[in-house]
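In our numbering, the protein residues as written are 38 to 294.
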């Protein structure tokens, strides 16, 4: 029950969310997709998207949901195939354009799916100015809208990488930064490793069993990227490291919360 802790080996239950206009699409990792309608008022709760009127073939499980900014598609990353309830951690599905309910591909719409080939699961995704970046456990892909008949183009941008968590990715000045298993990376159209003098201090003293709690974000006013993580002796984030993206190789001293 609520407030009663128990021992568990289950993965941390992380939610993703994305605005669809004034409405909200949100979902827990490995769970169903929910929809909150702002016009119904704040007293009404979100409901399963599959229960929304006229919805068809909505994924019942996924890793991450996202709404594309301009083209207005709803995506489910690491979801079940059409007609199946079994999760495929490398599969991407999307709705018809300007729809949250129509997930059924047809010659009359732009709903569809695509399975990535490099890796064993989709870990994270982020929308940038020109593309949507998708991270598997070993590779990074670029998604770009090209219209019918293929709708979305997928291009492998880098392989033999790593990524620690769903929320460890941050974008600033059209550059995308993330924390890997043992190093930091930056994507600028190609993947590079960030030089970090604190690398051993960080990765020799991190609780790898709590990697899904690693969180990255930007401090725009100071041109900084921050990462919060659990030290080896902690099960909750208790340390952070800062990178100033205006000054190459500028990692600040390791700090304890």
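Beta carbons: idealized from backbone N, C-alpha and C, even for Gly.
Residue environment: residue 117 is assigned as buried (16 or more neighbouring CB atoms within 10 Å of its CB, all protein chains considered). Sequence-distant partners of residue 65 (beyond 5 residues in either direction) whose C-beta falls short of 6 Å from its own C-beta, in its chain, are 50 and 52. The DSSP assignment places 149 to 152, 159 to 164, 169 to 173 and 176 to 184 as complete runs of the beta strand (DSSP E) inside the region 142 to 192, in order along the chain (cut-off: 3 residues). Sequence-distant Cβ neighbours of residue 224 in its own chain, meaning closer than 6 Å and more than five residues away, are 213.
Within its own chain, the residues whose Cβ lies closer than 8 Å to the Cβ of residue 54, once the five positions on either side in sequence are excluded, are 61, 62, 63, 64 and 102, listed in chain order. With a beta-carbon spacing of about 7 Å, residue 228 and residue 194 fall inside the 8 Å limit used to define contacts. If you look at residue 112, you'll find it isn't in any alpha helix (DSSP H); it sits in the beta strand (DSSP E) that goes 111 to 114.
Where residue 238 is concerned, the enclosing alpha helix (DSSP H) starts and stops at 236 to 240. With distances taken between CA atoms, residue 192 lies nearest to 182 out of 186, 182, 248 and 107. Our two residues, residue 119 and residue 87, have alpha carbons roughly 13 Å apart in a direct line. When the five nearest sequence neighbours on each side are left out, the beta carbons in the same chain lying within less than 6 Å of the beta carbon of residue 220 are those of 230, in order along the chain.
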